[in-house]
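Numbering-wise, the sequence shown is residues -19 to 817 according to this note's numbering.
Where is the CB? At the ideal position from N, CA and C, for every residue including glycine.
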Amino acid sequence: MNYNIPQDLKGLTEAEVLVSRKKYGYNRLEAVKKESWLDLLIGILKEPMLLLLICVSFVYVLTGDYGEALFMLAAIIAVTAISFYQDNRSKKALEELEKLNEPLSKVIRDSKIVNIPTFEIAVGDLCITEEGNLINADGRIVHSNDFSVNESSLTGESFSVFKDSQSEDNGVYSGTITVSGLAVFEVENIGKETKVGRIGQSILDIKTEASPLQIQIRNFVKSMAVIGIIIFLAVCIFSYVKTGDFVTSLLSGLTLAMSVLPEEIPVAFTTFMALGAWKLMREGIIIKKSSIVETLGSVTVICTDKTGTITENAMQLKYLYDYHSDKIYQETEFETNQLNELIDYAMWSSEPVPFDPMEVTLHKVYEQTQRPDRRRDYQLVHEYPLEGKPPMMTHLFENSQKNRMIAAKGAPEAIIAVSNLSEDEKNKIRKVIKDFGEQGYRVLGVAKSQFEGNNFPDKQQDFIFDFLGLTVFYDPPKKGIKDVFRHIYEAGIKVKVITGDNADTTKAIALQAGIKNNAPAINGNEITTTSEQDLLKLSENATLFTRMFPEAKLEVVKALKKQGHIVAMLGDGVNDGPALKAAHIGVAMGNKGTEIAKSAAALVITNDDLDKLVTGIAAGRRIYANIKKAVQYIISIHIPIILTVSLPLFLGWVFPHIFTPVHVIFLELVMGPTCSIVYENEPIEKNAMQKPPRALTDTFLNWRELTLSIIQGLVITAGILWMYQNSVDCGNDETKTRALVFSTLIFSNILLSFVNRSFYYSVVESFKNRNLLLTGISVVVLLLLLVILYLAPVSKFFSVTSLSLKELGWALLTASVCVLWFEIYKFGKRLYKKKNK
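Right, here's the structure in full:
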């Protein structure tokens, strides 16, 4: 873009930047302390499971069982390595996200305009700020063009202030917002030395609130930890009373405590969220914080803008309506002399350096049709920015001979209201506007005025305008947008269109885009004048909200939230900031979104494609479903481990210590990766986006789901304990019985991980969703089982003996019966759904 910046503004050289940075530091409120690998390691070693392992190792050393102690040491290293790998993977994913979330700033360096991360702004830099930008450092203006700024974040005053290099206060301040025009300012203060930095760093003290799912998981793990402590004490006391052997009793208690503690769950949650956010980043969806992924899957309403989101934002000028001749002209007729005045004033009412697609088009049409080009002869001397309900804007240009151009454009209703027209003339124009609107065209009114002297009116509406005509733009719906909305509706999500455009145009575009609408459009003014109770009904029932302004957008979002909806709000402008912040998920567009919109949003779509939001919602649902699967798997497989360790002891069976810490830690090493690596990699189920969104208040496991997992665990326990008793009845010794019980549990674990891939589709159907990690880990576990059973030194260490093919077959058959019964349950579930369709 051509910024028309004076050639003498050259900016800092690279050498000067380094000198400045050495003296003043980076543009940050505080030094960011990066977590080192040592911090990660210390954090892992504080985990309860590691502390239990260390305790067990210490007991083995004291009793002289150095082989077991060595195994425990290897287990500590293995658990630490797995946790370190997962934490490091999550950390790297989050760091990648942070890099993308770092806002960029435009600066002039070595006479070139470059984009740099905001924290790299140096004292002495020449920063460029333009409409919609957040100012990121304190400085003084050295060049400006129609520049106004909102300083409410510092002063509390909401109105805009016009400034230039000659103003009494020519300073700009970090945290304020550029409302119009452009300015180049020389940076004087950065980081803690800025006005906002000196006011206080309270924002740094705000702690990120835990999401509902995080709280639920944390409470679940705490509950299990408390149960673990109680069982540990009960087993220790019971065993000691019975045997009088303190060391054996302590080991029995520690074994059971290890089997109860579900330390995989918080690790799985962190991994799922961080990697989910990272995967979305690769899809072009940047998420500010990973916990948003969880909320994405719960979205019930999408509030979307029209222009550039539903439409191409191409803004082709299709027609011009000239009021004086009362004639409509097509594109091929724009060079007609009759249109000179209308084209002239439409261009003069635009920004001198246009960025809005309609204004860019008006400048192009002016270039193609008007001779001579007088833009260099006239300077902007006064401007009334876009404002009003509905909005309009006015520009005053003047040349060296003091000839003036006073041009206005805006919503046709606004221009008609300030024009010198009779009621009949207004009605005639309204009919033309309505005809265009019903065809999906975007219409702007254009007017001119005259004014002597420099005592300009306070409000642009106080000028007396002559109506010149209408500019008629066509912004077609994006290709494939119908499919996008079809997917959204299939997922049980409602769509609300919130736009500044008029009702007729919005209706036409909504129809073309496949948006379901059977209610009249609601005007922004209606939102602010209606009662709270009526607003709740309006927000629920209406689909199209037109002629909307910031306060009205915010009220609609608040009303939808009060109705219990989870709201995703799409916006790209300065005026969308409050609504983006208020929504559960504010979504900004990466290409055309302003910095304000991006900083207020929780999620940024880099290529402005609404379909990416559907991708994000699908990812949210996939991750939430996979967390549930992982947690249900952990519950189901922990139950047989806990009961196999405890029941023989409490019931006084012949082999009370069938599992020792060695066996439990091996099972934990199998379950950890299965839970947090394998299930994280599980693809989305094919019916996930055909289900209605879950309520955000739902617990991550309801009683029905929890009961189902407990039943799965109890059935597996029954099979394992049957194998135990059957082995004893056959006269097998402890090592053989342990081998049979251990093998049955391992087979059950592998089968359960496959069966629980879906709680609806069959295990055969689930195989269509490729998950190579699950297959890989299952093969590794089977190989390790064979090593434990058939490699003599390892068998001796695990206190097991080799099994015949028949015995191995019995273990597999028992595990299959105890796990695969669930396929009958799923078949019944599918049959019931089919009958009730």
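Who are the Cβ neighbours of residue i in its own chain at under 8 angstroms, not counting the five residues just before and after it?
i, result
"Asn150", "Arg120, Ile121, Lys143 and Asp144"
"Ile396", "Lys406, Ile409, Arg410, Gly425 and Phe447"
"Asn508", "Position check: residue 508 holds Thr in this sequence, whereas Asn was assumed. The answer, listed in chain order, is Glu531, Ala532 and Glu535."
Suppose the cutoff is 7 angstroms on Cβ atoms and the five residues either side in sequence are ignored; what does the same chain contact list for residue i look like?
i, result
"Pro437", "Phe443"
"Leu823", "Coverage of the chain is limited to positions -19 through 817, which leaves residue 823 absent and any answer about it impossible."
"Lys809", "Tyr740"
"Lys517", "none"
"Met385", "Trp328, Tyr358 and Phe377"
"Pro846", "There is no way to answer for residue 846, as the model of the chain reaches only from -19 to 817."
Below 6 angstroms CB to CB, which residues in the same chain sit around residue i once its five sequence neighbours on both sides are set aside?
i, result
"Ala394", "Gly368, Pro370 and Met372"
"Met295", "Pro337, Met338, Thr341, Phe453 and Asp455"
"Ala11", "With a pLDDT of only 47 at Ala11, under the threshold of 50, the placement of this residue in the model should not be trusted, and no figure is reported."
"Gly(-9)", "Ile88, Arg89 and Leu106"
Terminal residues of the continuous beta strand (DSSP E) containing residue i?
i, result
"Pro97", "Lys92 to Pro97"
"Leu583", "Leu583 to Ile585"
"Thr374", "Met372 to Glu378"
"Ser140", "Ser140 to Phe142"
"Gly566", "Ile565 to Met569"
"Val697", "The sequence shown places Thr at residue 697, rather than the Val named in the question. Per DSSP, Thr697 belongs to no beta strand (DSSP E); it is in the alpha helix (DSSP H), Trp683 to Asp709."
"Thr526", "Leu524 to Thr526"
Got a sec, what are the start and stop residues for the alpha helix (DSSP H) residue i sits in?
i, result
"Leu766", "Leu752 to Tyr770"
"Tyr153", "Run containing Tyr153: none; DSSP gives neither H nor E here."
"Asp324", "Asn320 to Trp328"
"Ala598", "Asp591 to Phe630"
"Val129", "Segment Asp118 to Asn130 is the beta strand (DSSP E) holding Val129; no alpha helix (DSSP H) there."
"Lys815", "Leu785 to Lys815"
"Glu100", "Segment: none, Glu100 is in no alpha helix (DSSP H) and carries neither H nor E."
"Glu367", "No alpha helix (DSSP H) contains Glu367, which is instead part of the beta strand (DSSP E) from Gln359 to Glu367."
"Lys389", "No alpha helix (DSSP H) contains Lys389, which is instead part of the beta strand (DSSP E) from Arg384 to Gly390."
"Phe722", "Glu714 to Val735"
"Asp336", "Asp336 -> no alpha helix (DSSP H), and no H or E assigned at all."
"Glu331", "Counting along the chain, Glu331 falls outside any alpha helix (DSSP H), and DSSP gives it neither H nor E."
"Lys462", "Ile461 to Glu470"
"Leu276", "Ile272 to Leu276"
"Ser738", "It is not in any alpha helix (DSSP H) - Ser738 carries neither H nor E in the DSSP assignment."
"Val536", "Pro530 to Lys542"
"Pro673", "Here Pro673 belongs to no alpha helix (DSSP H), and DSSP marks it neither H nor E."
"Ile489", "Ala483 to Ala493"
Assuming residue i and residue j form a contact by the criterion Cβ under 8 angstroms, report the distance between their Cβ atoms to the nearest whole angstrom.
i, j, result
"Ala582", "Lys259", "Not a contact, Cβ separation roughly 17 angstroms."
"Gly288", "Lys533", "Not a contact, Cβ separation roughly 16 angstroms."
"Glu880", "Val141", "Nothing can be reported for residue 880, as the shown portion of the chain is limited to -19 through 817."
"Ile502", "Phe465", "20 angstroms between Cβ atoms; not a contact."
"Ala827", "Leu550", "In the structure as shown, the chain starts at -19 and stops at 817, and residue 827 therefore has no counterpart that could be examined."
"Asn751", "Val650", "With a Cβ gap of about 16 angstroms, Asn751 and Val650 do not count as contacting."
"Leu450", "Ile495", "About 26 angstroms separates the two Cβ atoms, so there is no contact after all."
"Leu255", "Ile565", "Wrong, their Cβ atoms sit about 19 angstroms apart, outside the cutoff."
For residue i, which residues does DSSP report across the bridge?
i, result
"Asp446", "Lys428"
"Arg89", "Leu(-8) and Lys92"
"Thr110", "A quick correction: the sequence has Glu, not Thr, at residue 110. Answer is Leu162, bridged to Glu110."
"Phe453", "Leu297 and Arg422"
"Thr341", "DSSP lists no partner for Thr341."
"Cys283", "Lys476 and Met549"
"Tyr309", "Leu300"
"Ile266", "Val584"
"Ile502", "Phe525"
"Asn169", "Asp118"
"Leu835", "There is simply no residue 835 to check, as the chain begins at -19 and stops at 817 in what is shown."
Beta carbon of residue i: closer than 7 angstroms to some heavy atom of the ligand NAD?
i, result
"Ser742", "You won't find the ligand NAD in this model; it holds no ligand whatsoever."
Hey, is the region 294 to 312 in contact with the region 639 to 651, meaning 3+ C-beta pairs nearer than 8 angstroms?
no
Could you say if the region 304 to 321 and the region 503 to 522 meet the contact criterion of at least three C-beta pairs nearer than 8 angstroms?
-> Segments in contact, no.
Practice problem: State whether the region 655 to 669 contacts the region 594 to 607, with contact taken as three or more CB pairs (one from each stretch) at a distance under 8 angstroms. | Solution: Contact between the region 655 to 669 and the region 594 to 607 is established, with three or more Cβ pairs separated by less than 8 angstroms.
Exercise. Assess, as a yes-or-no matter, whether the region 477 to 494 is touched by the region 325 to 341 under the definition of 3 or more beta carbon pairs within less than 8 angstroms.
Key: no
Any 3 or more C-beta pairs closer than 8 angstroms across the region 771 to 789 and the region 665 to 676:
no
### Query
Can at least three beta-carbon pairs, one atom from the region 788 to 807 and one from the region 697 to 716, be found at a separation below 8 angstroms?
yes
Are the region 710 to 718 and the region 753 to 772 touching by the rule of at least three beta carbon pairs closer than 8 angstroms? These segments do not touch.
- Query: Is the region 166 to 177 touching the region 198 to 218 in the sense that three or more CB pairs, one from each, lie closer than 8 angstroms?
  - Reply: no
Quiz item: Can at least three beta-carbon pairs, one atom from the region 412 to 430 and one from the region 478 to 496, be found at a separation below 8 angstroms?
Solution: yes
- prompt: Are the region 535 to 550 and the region 272 to 290 in contact at 8 angstroms, needing three or more beta carbon pairs?
  reply: yes
### Query
Between the region 608 to 627 and the region 696 to 703, do at least 3 Cβ pairs fall closer than 8 angstroms?
yes
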